[in-house]
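Chains as they are written, first to last, in the working numbering: chain A, 1 to 447; chain B, 1001 to 1447; chain C, 2001 to 2447; chain D, 3001 to 3447. Using N, Cα and C, we set each Cβ at its ideal position, and we do this for glycine too.
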C-alpha cells in the first residue's frame, strides 16, 4: 500500500458474538492482551530506528515514500485522532499543527500537509517526535487501564486497527529508508549482516488445482481489514502454481535473453515505463565490473543467485511470466492454494531485512515461500469484493478509495511483522512501484 | 479503446467448422458478402467526412486523439500491412514512409511515428490520403476477386478483422473531431441537426438477477475480438440492474448536491484528477448565463434533461453511483443481463451523433438502452479472461497488451456502427478518459 | 523577435518636421507612395505561400512558431485593430472572434487565444483567411484614398508600422514553415532550387576601430522601431571585427574539436541546454552515412562548406567564439562598423531562402556580409537605450516589454525583405532560439 | 549569486607590485593577518548555526537553495581542492566521495552531485561535516604557518578567494534557512529579536548627476572578484538617483493600486511569472485578518512600514519603478554615485537578519542606505566588462560562465558580512529570484 493505512472489518466486534455482559475476568484478560500488544508493536517501530542518526529521519527521496520521522509521528497521530480525541474526555492535542502535518490522506479528518513536502520539514525534531509518541502512549495506556467492559469493547477494535496500521508503517519504514540510503553515494548501511546465506533453490515444480467454486475472504474472529470481506465464492478454472518463488538466477536469464528490449513480453504501459525510465534490471541492481550487485539494507553486495528476485514492478513480473511461458496467479488462486501451508516464513523479526534463498528440507510436495521474503504480484486488479462496504467516517477512507489502477500482492515479506501476515491479506501497489520487497510466483493453465 | 485496434479470434476460421473443400457456390457467396461489406465499411469512413474541409483533417488537440487524416490513412495501412503485403505477390508499398507514419502501435510491424506528433504532419495531404485509400481498395478488391477457395479462407478473417478495426476508427473519428471543434472558439458544427428530441425518461426501475454460475464470452461462428474469449463460467452473487441509463437530470442532481466537492464519493485517484483539472461537470458542458449548455456534433446547445448523461469518466461514473447509493455493474453482470434484450438501439447510422432521450413504449419489464446511445462504464478492470491467449505476430498486439489500468465499457454508442455492436464486446478506456460517448447504468446489491 | 511585432518611433510624425499645411501635391505623392507600398508588402506575404497546400497552413510544431494561416490573419488583424477600428467610422469587425484569435500579445487590446494553441484551430479556413485579408485590404485602401491631408498624417505612421510589422511576419513565415517541413519525415520542399552555389570564402581578416565615443540609434526621417531610439553616445574601447561571417567549414572545426562536449567553452546555461536537448550540431543538421546534411527550404541537402553557418543559438555562437579565441561583438560596435558599407546583401526577394557563400570580388578592405544571409548574434542583452520611452496604449507593448533575457541580433537575413533592413535595426531572441536564420560574426579586443 | 562562488582578480598578486624579495617582517605581518582573517571568517559560518538542530541542516526546499550542511562542507571543499590538494605535499582527501558531493559547479574539478538532490543526503552527518571543517582548518593553518615568503605569495590570493567565497555562502546560509523555516507550518525562529525598530523614512529626495564619462570597475590593491575588472570608462547620460530605498509603505501603494494585475507595468516575462505563480506581494508576505505579515528570521511578524521593501524579484522591482514613473538604475550609475558615501550600513554582524528602517540624522544631502539592508536591483544585465578575461582552470568557472539571463544587484544586505561589501561589487541573480534580501532604489532621467 503506497499511502494507505487500514480499516478494521465489522467482524471483530467483540459484542457481536459474546454476551454483552462480559465477565470481569475476560475483560481483564482482553485488556492485558491489548496492553501487551500495544507495547510490543509500538516498541518495534522504535527498535527499527536504532541505527539511525537524526539526519536520516528527515529525508524524502521520492513522493511515494515518507521520512522515518513522519512515519513515527503519523502512527501516533492515528491513535491521537481515532482513540484519544473521541474517547478521552477533555483531551487536547499536544500541538495544534500536528493534525495538519501528520494526517496522511483522511479528508474527513481535515486538511493535510502535501505528501511530496514531507521531507521539507525539519521541525518537530526527532526528539520532539519521540516525545509525541511518549505523550500518546501514556494517555492510551491510561485510557486502556481505566476502561470498563463496555468501553473496552469500543476501544479494542480501534486499538487493534491502530496497531495493524502501525505494522504496515513498520514495513514502509524499512523500504523507505532503503531508498534513502540508496540515493546517497556513500551507500550507508542500515543494519550490518554477517555474511550471506547460500542455498540451492532447486527446480520449480508445479502444484495443480482443479476447477471448482472456492471461497475466499476473511472469516472468523481474528482481525482483518475491510477489503478482505465479505467472504464469497468464486468459480476458478483448473490452474497450476509454482512450488517456489522466482530466483535471481532465473530473472537474470530473462535479462540476458534481452527481455528488457523485447516489446513482445510487455504490457503497453510497461513498455513505455521501461523505456522512459531506462530500466534494465530490478531496482537497486547495478553492474560493477561486469557483475550485478545490489543495494540492500545490509549495504551493497553481489547478487545471490538463489535468493528470490526482489524489487520488481508488476510490469516486470508480468513480462517475466510471459517470457517464461507462464502467467501471474489470480489472487483467488493464490489464496485458495495458501490453505495447504501454515503461515510461516521469513519475517521482519528475523532482522535480516532482505529475502533469503529457499532452504529445501527433503522432498516436499508443499508450496514453499508462500509467506515472508517477498510480496507476490498477482494479476488481479485491486477491486472490491462483491458486497464490500466501507465504514462511515474517516476510517472509511482506509481502503476503498484506493481501488483503482493498483494490483494485489499476496503473502508477506521479510519486512512484514510476523503477526501481520494472513492468508486473506490483500496488499496493493500501482503497477510501476518497485521499492517494496516485491517478487514473483508463477502460475499456469494446465493443458 | 484509446489507441487500440482489434484482433480476430480463433473462432471464425472458416476451415475449422466446414468442409475443407468449400463448394464453389459457397465460396462465391462468401466472396460477394465480403466484397459488399468491404465496400460498405470503407465507404462509411469517407461518408463521415462529408462536411469537413481540408484544414479539419490535420488537427490533433490532445495526445489521446488523432487527426481525421490519420484515421483514414491508418485504416488503409492496416489492410496494406496485413492483407496486401503478405498476400499480394510482388506488392510494393505506395510510399516507403507510410509504414512509419501510419503504424499505430504494432512494434512487431516496425518503428512508428510518435503518437503525440500526429498533428504536426501536413503531408501527405488530404487528397493524397484519399488516393492512398483508393490504391489500397483497388488492390484489395482485385485480390479478393481473384482468390480461390483456399486463399479466401486465409483472407476472410484478415479482411473481417480489418473491417472491424475500421469500424472502431469510425467511432474515434467522430469523438476526435468533436474534440477538435470544441477546442475552437468558433465552435464549428460537424452535422446540422433539426431540433432536439424531448421525451420523459420516467423513473428508474430495478431488474433482479439471482446468484448463479453464468457463462460469458463469445461463442458461435460470428466475428469477435480475441479479448472476448474464451467463453467461461463466473459465479455471480445476486444483483440488480437499473432499467435505463442515468439521465442529465439525475446527473445534475449530483452536481447541485456539490458532488464534485465532496471527497467521500470519489476514488482517491478520481479526487486528485477532479481537483487538478478543475472538473465540475461532464466534458463539453459549460455554464452560460446560469444554464448548462454542451458542445455536440450538431453545435453548442442547451442540455436536454432526459438524454443519457454523456462524456463522463469512470471516476465520475463511480462517484455518481456512490452518491446514488448504488454501484457500477460488473461486466459479467452486464453481459448476463443483456441476453434478455435484442441488440437494438440508437447507432451511428442514425446520423444524429448524440445520445437521445429514452422513448418509453408502454410499460415494459425489459431493460432499455442496453445498446447504442452511450457506452456504459463497468467496475471491471480490463483483464484477460481465464485461458486467454494472444495471437502470434503483430496482430497479437491488438488487445492483450492494453490490459492494465483500463476499465471495461459495455453496450455501444450513438457513434458505433450498428453491425459492430455485440453482447460480448469489451470496450476499454483509462479511468480519466471522457471524450468518448460514455455514460452510466447503475447496479445494486439487493438486500 | 519571437512573439514581438513592432512600434513606430516618434520620429516619423510628418507634422513634426513639416508645415502642418501639407500642400496637396505632396499629399498625393505620399498617398500614392503609401498605396504602392501597402500593395507590395501585402502581396509579398501571399506570394510566399504560393507552393503551400491548405494542410500546411494549419500546423504549429512548437510554441515559438505560428501556423502560416495565423500569420496571414494576425497581420490583417493588426490593420483592422489599429487602423480600421479607430479611423474608419462605423467599422464593424468581420468576425467578432477574430479579435480574440488573432491578437498576439497586446494585453491592452483585450483577451487573446493562448499562443501554444494556434495549431489547434482549423477554422477559419485558409480561404476564409484570405477573404479576411481581402476585406481588410479593401477597406484600408478605401480609407487611404479618401483621406484628407490631416487624416493622412495620422494614418501614415500607423500604416507604415503595420507594413513593417507585416515584413517581420514575412520572415517568420519562412522560418516557421521550415520547422514544419523539417518535422515531417517526408521532408517536403518549400521552393525548388536549381543547384547550390559554391565559392571560396577566403580567410577572415580583421578590421580595426579605435577607442572613441560613437553615436548609435536611429536619426533622420525614415521609419524605425521605438527600440532604436533615442540616438545616444557610447564610449567604446578599441575593437576588431571579422571581415566576414563564420562559415560551415569553420563551425565544423569546432564540432570536430569536440566543442559540444567541452564545458570550458560554454556559458553555464548554454551547457545545460546543450546537454538536456542533446545538441551536437546546428539545428537542421543531420548526419547521413558519415556526412553532414541539412534541411533547407529547398529540401534536404549536403552542407556547403563556404556558406555562413546558420541556425545556431546565442549559446553556440558564444561558445564558438570562445573556442576561436574571440568574442561576439557588442551591438554598438556592430552598428558603428556598419556605416562603412552600404545596406546591401542577399535578402528575401532573391528567392533562395538560404544563406549563400561569400563571393569575393577582388581584394576588398571592406566588411562583407553585414546585411542579408544571416542575422548576427551580439553579446548585448536586449535593453532600453538611455531615455527610451514606450508609446501609450496597446502599441506601447510592441517592443519594450520584451527587454529581458533576450539578446540582440544585427544585420538581416536571407529571409528579410530588402526594405526592412537597417543599420540601427535591433532584432532580438532568447539565447536558446535557433530556428531563425542566425549566424556568427566574430569580434576581438586588439592587443 | 545563485550557485556561483567567486574568482580572485589578477590584481592582488602581491609579487606584481612589490619587491619579489618580501622582507621577513612583512611576510609575518601578512601571515598573521591571513591567519586572523581565516579564523574569523571560518568561525562566523559556524556561529551562524548556533540555533540550529541537526534536522535543520539537511533540508533543501527548492533547487536554488542548499542545505546548511552542504554550505558548511562545500566551503571546506573549496579550501581542500584549491589550497590543500595542490599545495600540501602528499595530501589525501578526508573522504573520496566528498569531491563529488561538495563540488558545486566546477566542471574542470570533476563530476558532481546533482544540485537539486542536495537535500536527499543524510550522510555525512552534521557532526561529520563539522569534523570535515576541523580537518581542513587544521591543515590549512599548518600550511600557512609553515609557508615561506614565496609560498605565502602563492597561497595568499587563494586563501583570500576562499574566504570571500565563504562569505558569499554565509549570506546564502541565512537566506536559505529562511526559506526552510518558511516552508514549515510551524514557522520556526532562526534568531529571537527584541522588538522591531520603527522610524520615519521621510520623503524620497533626488540626487542629480551630470552627463560624463565615468570610470567603473575595481582598481587598487584590495581584493575583488574578476567580474569587477577591468576598470573602464562609460559614457553616462545625466541621471537622478533616489536618496533612499523604497519602503514597504511605498510598495504597498503599488499593491493597493492593483499593481500585480495591471500588465502595463510589467515585462512580458514578468507578467507570465506573476500569473503562473500567483504572486500578489513580495515573497514571505501573507495576509492575516486583513493585515500584511511577513516571515522573518526572527519569526512571523507584521509588516513595518518604514523598512525597505525586501524579497522582491527583478520583475517586481522593474514593475514598481514603472508604476512610480521611474526606472531602475544602471549599475554604472549606481557605482558612480556610490563614491559620495562611505561603505557603511547595516550588515550581517549586527545580528538582526532583517533590513531596518532608515534613521534620518539631520538633513543630509547624501545618499542613504547604499550599503547593507538590501541588495539593490539594477537594470543592467550581468555581462563582461570590456576586456574581461576569466582565469585558466577550474577557478575560471567562478563568474564568467554565469553571464547570461541574470541581472546585477549592487550594495550589500543585512546578511552580508561587513568586510565583504564593496562599491564595485557585482552581485547577480535571475530576474525571478526573490529569496535573497533584495530591494529597490529608483533612478530617473532628469527632464
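Residues that residue i bridges to, as DSSP identifies them
i, result
"residue 3408(D)", "3428(D)"
"residue 1216(B)", "1232(B)"
"residue 377(A)", "409(A)"
Candidates the options: closest to residue i by CA position
i, options, result
"residue 130(A)", "111(A), 74(A), 66(A), 178(A)", "74(A)"
"residue 61(A)", "177(A), 134(A), 101(A)", "177(A)"
"residue 2201(C)", "2190(C), 2259(C), 2367(C)", "2367(C)"
"residue 2170(C)", "2430(C), 2417(C), 2436(C), 2434(C)", "2417(C)"
"residue 3034(D)", "3152(D), 3132(D), 3277(D), 3405(D)", "3152(D)"
"residue 3066(D)", "3099(D), 3113(D), 3043(D), 3036(D)", "3113(D)"
"residue 2396(C)", "2105(C), 2036(C), 2056(C), 2050(C)", "2105(C)"
"residue 1330(B)", "1340(B), 1194(B), 1430(B), 1318(B)", "1318(B)"
"residue 85(A)", "47(A), 133(A), 140(A)", "140(A)"
"residue 1133(B)", "1043(B), 1436(B), 1391(B), 1115(B)", "1043(B)"
"residue 260(A)", "45(A), 386(A), 321(A)", "321(A)"
Inter-residue CB distance, residue i and residue j (contact presumed, cutoff 8 angstroms)
i, j, result
"residue 2337(C)", "residue 2207(C)", "7 angstroms"
"residue 245(A)", "residue 185(A)", "Wrong, their Cβ atoms sit about 31 angstroms apart, outside the cutoff."
"residue 1353(B)", "residue 1117(B)", "Not quite, the Cβ-Cβ distance comes to about 28 angstroms (not below 8 angstroms), so this is no contact."
"residue 96(A)", "residue 80(A)", "In fact, because the Cβ distance is near 12 angstroms, the residues do not count as touching under 8 angstroms."
"residue 2136(C)", "residue 2076(C)", "4 angstroms"
8 angstroms CB neighbourhood of residue i in its chain, flanking five on each side removed
i, result
"residue 3421(D)", "3343, 3345, 3347, 3371, 3372, 3411, 3412"
"residue 1191(B)", "1051, 1297, 1298, 1351, 1353"
"residue 3424(D)", "3216, 3217, 3218, 3224, 3228, 3335"
Own chain partners of residue i with C-beta closer than 6 angstroms, once the 5 adjacent residues on each side are dropped
i, result
"residue 1285(B)", "1292, 1294"
"residue 3240(D)", "3206, 3208, 3444, 3446"
"residue 1250(B)", "none"
Contact set for residue i: own chain, Cβ-Cβ below 7 angstroms, skip 5 residues either direction
i, result
"residue 2199(C)", "2306, 2357, 2358, 2359"
"residue 111(A)", "100"
Q. Can you list, in chain order, the residues of the stretch 312-333 of chain A whose Cβ is nearer than 8 angstroms to any Cβ on chain D?
A. none
Q) Closer than 7 angstroms, Cβ to any Cβ of chain A: which residues of the stretch 3172-3185 of chain D, in chain order? A) 3180, 3183, 3184, 3185
**Q.** Where the stretch 2262-2284 of chain C meets chain D: residues whose CB sits under 8 angstroms from a CB there
**A.** 2263, 2264, 2266, 2267, 2268, 2269, 2270, 2271
Q) Between the stretch 1074-1085 of chain B and chain C, which residues of the former have CB atoms less than 8 angstroms from a CB of the latter, in chain order? A) none
Q: Scan the stretch 3233-3263 of chain D for residues whose Cβ lies nearer than 7 angstroms to a Cβ of chain C and list them as they occur along the chain.
A: 3233, 3234, 3235, 3237, 3263
Q | Under 8 angstroms (Cβ pairs) to chain D, residues found in the stretch 100-134 of chain A | A | 100, 101, 113, 117, 119, 120, 121, 122, 123, 124, 125, 126
Q: Identify each residue in the stretch 205-220 of chain A for which the Cβ-Cβ distance to at least one residue of chain B is less than 8 angstroms, and report them in chain order.
A: 213
Q: Select from the stretch 3380-3399 of chain D all residues with a C-beta closer than 7 angstroms to any C-beta belonging to chain C, and list them in chain order.
A: 3381, 3383, 3386, 3387
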